[in-house]
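Written below as structure tokens is the structure these notes are about.
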Amino acid sequence: MTEHIRLERNGPIGVLRFVQPGKRNPYSVEFVDDLVALLKEADRDDAIRVVVMTGGDHFSSGGDLVGFQDEIAKGARATSEMVDRVHDGGRAAYFFRKPLISAVCGVAFGAGLSLALSADIVVAAEDARLCEVFARVGGCPDTGSSWLLQQRAGAGVARMLVLTGREIDGRTAKDLRVVEECVPADRVEERALEIANEIAQHPMFGVQTAKRVMRSTAESSYLEALDIERDAQSVLLCAHDFPEAMKAFSGKRKPEFKDR
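Going by numbering that gives the first Met the number 0, 184 is the number at position 185 of the sequence shown; the sequence numbering is gapless.
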């Protein structure tokens with residue numbers, strides 16, 4: 000356990016629990032360092048098949064504006080290096096090999112919202128408060144939010160939320176396709192774990208390959224997507240789980256996957 004985040008193990012599910020909900024889990028440099036380290040730990044642990052990120056009552060209030068002031072005072076170079084270091088958190092989450100689910104209650108502002116959107120699936124509370132707060136403080140999107148939001152909700156919705164700095168609740172976020180699921184606040188973590196367990200039942204080489212393919216094709220043309228899918232599927236067709244699935248189908252039996 001670190002001062003900011005704890006990695007819990009719940010069978011095949013890893014839970015990254017942000018442990019400063021009283022402070023609304025500020026997205027500080029120290030928080031980012033812990034996030035990167037624990038995502039690496041979860042990646043190395045073969046017993047963990049899916050990871051859920053949760054902040055308890057509050058996911059994250061976003062960038063630690065108070066803590067950033069000392070670096071900003073040093074000038075543009077130090078500020079740029081600090082922002083890039085903060086971006087390490089989003090990079091680690093977005094490129095995490097295993098399925099990653101965000102369970103969002105309370106506030107998810109700025110960099111906190113970016114982190115939530117870096118996951119493969121977002122489950123939000125009906126009364127969660129989501130906000131691209133940058134315009135309110137004279138800034139522009141960072142921590143990947145300009146790209147992530149457009150990928151999920153489209154360019155028009157993304158511009159509206161970024162330029163207005165409008166706060167939306169979980170229900171509106173679901174309607175706008177910013178998040179995938181919306182449930183009562185007391186069901187958010189439970190629902191995220193249900194989805195995680197559903198994913199964890201599948202052969203992991205296939206699941207991780209499918210995630211990589213989905214991320215790659217999202218940034219490609221249709222013809223490029225076909226090539227990416229061909230290359231990945233060709234490997235899986237020759238691996239141990241897909242052939243077993245085909246044999247089981249032919250034999251009208253349940254497959255016995257090795258990659259469990």
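For glycine and all other residues, C-beta sits at the position ideal for the given N, C-alpha and C. If you're wondering where the values come from, they're calculated on a predicted model, not measured in any experiment.
Output yes or no for whether 9 Å exceeds the beta carbon distance between residue 66 and residue 20. no
Check: Hey, would you say residue 85 sits closer than 9 Å to residue 142, going by beta carbons?
Finding: yes
Notebook entry, point to check: Does the pairing of the region 167-175 with the region 125-145 give three or more beta-carbon distances under 8 Å?
Noted result: yes
Contacting residues, own chain, Cβ-Cβ under 6 Å from residue 188 (five flanking each side not counted) = 53 and 102
Within 10 angstroms of the Cβ of residue 97, are there 16 or more other Cβ atoms? Answer buried if so, exposed if not.
buried
ask   = Taking the alpha carbon of residue 46 as the point to measure from, which residue in 155, 202 and 130 has its own alpha carbon closest?
value = 202
**Study point:** Segment limits, beta strand (DSSP E) that includes residue 339
**Key:** No answer is possible for residue 339: the residues shown for the chain start at 0 and end at 259.
Q | residue 87 and residue 32 closer than 9 Å at C-beta | A | yes
Sort 83, 16, 25 and 26 by Cα distance to residue 37 and report the nearest one. 16
Counting along the chain, where does the alpha helix (DSSP H) carrying residue 196 start and finish? 187-199
| request: Quick one: measure Cβ to Cβ for residue 177 and residue 148, integer angstroms, because I've assumed they're closer than 8 Å. | output: 7 Å
What's the gap between the Cα of residue 137 and the Cα of residue 64? 12 Å
Would you give the residue range spanned by the alpha helix (DSSP H) that residue 171 belongs to? 169-174
**Item:** Host alpha helix (DSSP H) of residue 13 (start-end)
**Value:** Careful: residue 13 lies outside any alpha helix (DSSP H), inside the beta strand (DSSP E) at 12-17.
Have a look at 144, 194 and 3 and flag the residue whose alpha-carbon is nearest the alpha-carbon of residue 179.
194
task = Pull up the distance between the alpha-carbon of residue 40 and that of residue 83, whole angstroms please.
result = 22 Å
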